[in-house]
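Peer 1: Quick one: the structure is below, and I'll ask about it shortly.
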Amino acid sequence: MYTFDYHLHSKFSADSEMTMDELCQTAVDKGLDEIAITDHHDIDYKDNTIEFLLDKNKYLKEIEKCQQRYKGDLVIKKGVEIGLQSHILKECNNYLDQDFDFIIGSFHTAEKKDLYNGDFFKNYSQWEAYIQYLKSVLEVVRNYDNYSVIGHLDIIRRYGDFNTQPDLMENNKAAELIREILKIIIRKDKGLEVNTSGYRIDAKNPLPSFEILKLYYKLGGKILTIGSDSHTPDKVTNKFNYTKSKLKEIGFKELTTFAKMKPVFHKI
Numbered sequence: 001m002y003t004f005d006y007h008l009h010s011k012f013s014a015d016s017e018m019t020m021d022e023l024c025q026t027a028v029d030k031g032l033d034e035i036a037i038t039d040h041h042d043i044d045y046k047d048n049t050i051e052f053l054l055d056k057n058k059y060l061k062e063i064e065k066c067q068q069r070y071k072g073d074l075v076i077k078k079g080v081e082i083g084l085q086s087h088i089l090k091e092c093n094n095y096l097d098q099d100f101d102f103i104i105g106s107f108h109t110a111e112k113k114d115l116y117n118g119d120f121f122k123n124y125s126q127w128e129a130y131i132q133y134l135k136s137v138l139e140v141v142r143n144y145d146n147y148s149v150i151g152h153l154d155i156i157r158r159y160g161d162f163n164t165q166p167d168l169m170e171n172n173k174a175a176e177l178i179r180e181i182l183k184i185i186i187r188k189d190k191g192l193e194v195n196t197s198g199y200r201i202d203a204k205n206p207l208p209s210f211e212i213l214k215l216y217y218k219l220g221g222k223i224l225t226i227g228s229d230s231h232t233p234d235k236v237t238n239k240f241n242y243t244k245s246k247l248k249e250i251g252f253k254e255l256t257t258f259a260k261m262k263p264v265f266h267k268i
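Structure below.
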């Protein structure tokens, strides 16, 4: 069985300490056939304590060095995790150009406010925040196409000072917005990421939750990547076997890698 991890961060991301070589060697040691290195690039990120701007030329050259170093042992794809916001879509497009094999479109801010530091949540109740976040995602997917998959769609559950992290499908309005987001993604031949870092907040679910993934399958979604969102070696391929078994239960038969932005399907 062909194995891969499609969400990995090296020191080119400000929140990771792994060198690119350490990341690649970890992938080899864990028996992976392929990885996508997907470091952060967040234009106009709303947290002054950290910067997620990626020196593209330096980054891609380092990936190319690793591609040569691990040739025959590991397929390494040029990926990026781009932070999407409705007011920077032109800048995102200009940055990405045609340089990547694989692009994760992620949402770390909404309404020009940061999720991680809590600014976004200040004037909302829990469900109001979740719904406004999903509206921001919907606006972007309606108007932007330069990505391969949407990363950790329900990441909003990870943030906010709340006692519980409910499945977004529990709320009718949220579920309606998710359905519309998924329909657009499918219509545009884009995909979803299954991000296993979600188990850190919910032992039973990745990001997005299995309920969202069931809806994606029901609507005809087929493009699906799996990624650990690792910033440290110990998290690479975290809970992949469990996740794949649950995806097969839902009905998915294939997972996806990418080459020059084109999906390649592999049997689970």
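Just so you know, full-length UniProt numbering puts 158 at position 158 of the sequence shown, and the rest follows in order with no gaps.
Each residue gets a CB set at the ideal place from its N, CA and C atoms; glycine is no exception.
Every value quoted in this text rests on a predicted model; they were computed, and no experiment measured them.
1) Have a look at 220, 246, 190 and flag the residue whose alpha-carbon is nearest the alpha-carbon of residue 206.
2) Pair every Cβ in the stretch 118-137 with every Cβ in the stretch 92-99, then say whether three or more of these pairs are closer than 8 Å.
3) So residue 144 and residue 89 are supposed to be a Cβ contact under 8 Å. How far apart are they, rounded?
4) Here's the rule: buried if 16 or more other CB atoms are within 10 angstroms of the residue's CB, otherwise exposed. What is residue 53?
5) Among 72, 153, 238, which has the Cα closest to the Cα of residue 199?
6) One question on the structure: do residue 191 and residue 224 come within less than 7 Å of each other, judged by their Cβ atoms?
7) Buried or exposed: residue 151, going by 16 or more other Cβ atoms within 10 Å of its Cβ?
8) Tell me the rounded alpha-carbon separation between residue 13 and residue 155.
9) Helix or strand or just coil, what does DSSP make of residue 198?
10) If you follow the alpha helix (DSSP H) that residue 90 is part of, which residue opens it and which one closes it?
11) Using 7 Å as the threshold, is the C-beta distance between residue 27 and residue 60 below it?
12) Quick one: residues in its chain with C-beta nearer than 8 Å to the C-beta of residue 29, no 5 flanking neighbours on either side, listed in chain order?
13) Would DSSP call residue 242 helix, strand or coil?
14) Hey, how far is the Cα of residue 149 from the Cα of residue 103?
15) If you compare alpha carbons, which of 86, 140, 121, 10 is closest to residue 79?
16) Could you tell me which residues DSSP puts in a beta bridge with residue 262?
17) For residue 8 and residue 106, what's the separation of their Cα atoms in angstroms?
18) CB-CB under 6 Å to residue 119, same chain, minus the five flanking residues each way: which ones, in chain order?
19) Identify every residue that forms a DSSP beta bridge with residue 106.
20) Could you check where the alpha helix (DSSP H) with residue 167 kicks off and where it finishes?
21) Can you round the beta-carbon distance between residue 252 and residue 268 to whole angstroms, since I take them to be within the 8 Å contact cut?
Peer 2: Let's see:
1) Numbered from its first residue, the sequence shown carries residue 206 at position 206. Residue 246 is the option with its Cα nearest to residue 206.
2) Result no; under three Cβ-Cβ pairs closer than 8 Å.
3) Along the sequence shown, one-based indexing puts residue 144 at 144. Along the sequence shown, one-based indexing puts residue 89 at 89. The pair is a contact, with the Cβ atoms about 5 Å apart (cut-off 8 Å).
4) Locating residue 53 in the sequence shown gives position 53, counting from the first residue. Exposed, by the Cβ-count rule.
5) Counted from its first residue, the sequence shown places residue 199 at position 199. Ranking the options by Cα distance to residue 199, first place goes to 238.
6) Here residue 191 is taken as the residue at index 191 of the sequence shown, counted from 1. Here residue 224 is taken as the residue at index 224 of the sequence shown, counted from 1. With contacts defined by Cβ atoms closer than 7 Å, residue 191 and residue 224 form a contacting pair.
7) Taking the first residue of the sequence shown as 1, we reach residue 151 at position 151. It is buried - the Cβ of residue 151 has at least 16 other Cβ atoms within 10 Å.
8) As a first step, residue 13 must be located in the sequence shown, where it is residue number 13. As a first step, residue 155 must be located in the sequence shown, where it is residue number 155. About 18 Å.
9) Along the sequence shown, one-based indexing puts residue 198 at 198. Looking at residue 198 - three-state DSSP - the assignment turns out to be helix.
10) As a working mapping, residue 90 is identified with position 90 in the sequence shown. First-last of the alpha helix (DSSP H) with residue 90: 89-96.
11) By 1-based counting over the sequence shown, the position of residue 27 is 27. By 1-based counting over the sequence shown, the position of residue 60 is 60. With contacts defined by Cβ atoms closer than 7 Å, residue 27 and residue 60 do not form a contacting pair.
12) Position 29 of the sequence shown, counted from the start, is the residue given in the question as residue 29. Within the same chain, residue 29 has no close Cβ partners at all.
13) Walking along the sequence shown from the start, residue 242 turns up at place 242. Residue 242: helix per DSSP, three-state reduction.
14) Residue numbering aside, residue 149 sits at position 149 when the sequence shown is read from its first letter. Residue numbering aside, residue 103 sits at position 103 when the sequence shown is read from its first letter. So the two alpha carbons sit approximately 7 Å from each other.
15) Position 79 of the sequence shown holds residue 79. Residue 79 has its Cα closest to that of 10, out of 86, 140, 121, 10.
16) As a first step, residue 262 must be located in the sequence shown, where it is residue number 262. 259.
17) By one-based count along the sequence shown, residue 8 stands at place 8. By one-based count along the sequence shown, residue 106 stands at place 106. Distance from the CA of residue 8 to the CA of residue 106, rounded to the nearest whole angstrom, comes to 14 Å.
18) Indexing the sequence shown from 1 puts residue 119 at position 119. The answer, listed in chain order, is 113.
19) What you label residue 106 is simply residue 106 of the sequence shown in a count that begins at 1. Residue pairing for residue 106: DSSP places it in a beta bridge opposite 83.
20) Here the question's residue 167 lines up with position 167 in the sequence shown. It is not in any alpha helix (DSSP H) - residue 167 carries neither H nor E in the DSSP assignment.
21) Numbered from 1 along the sequence shown, position 252 holds the residue referred to as residue 252. Numbered from 1 along the sequence shown, position 268 holds the residue referred to as residue 268. So it is a contact: roughly 6 Å between Cβ atoms.
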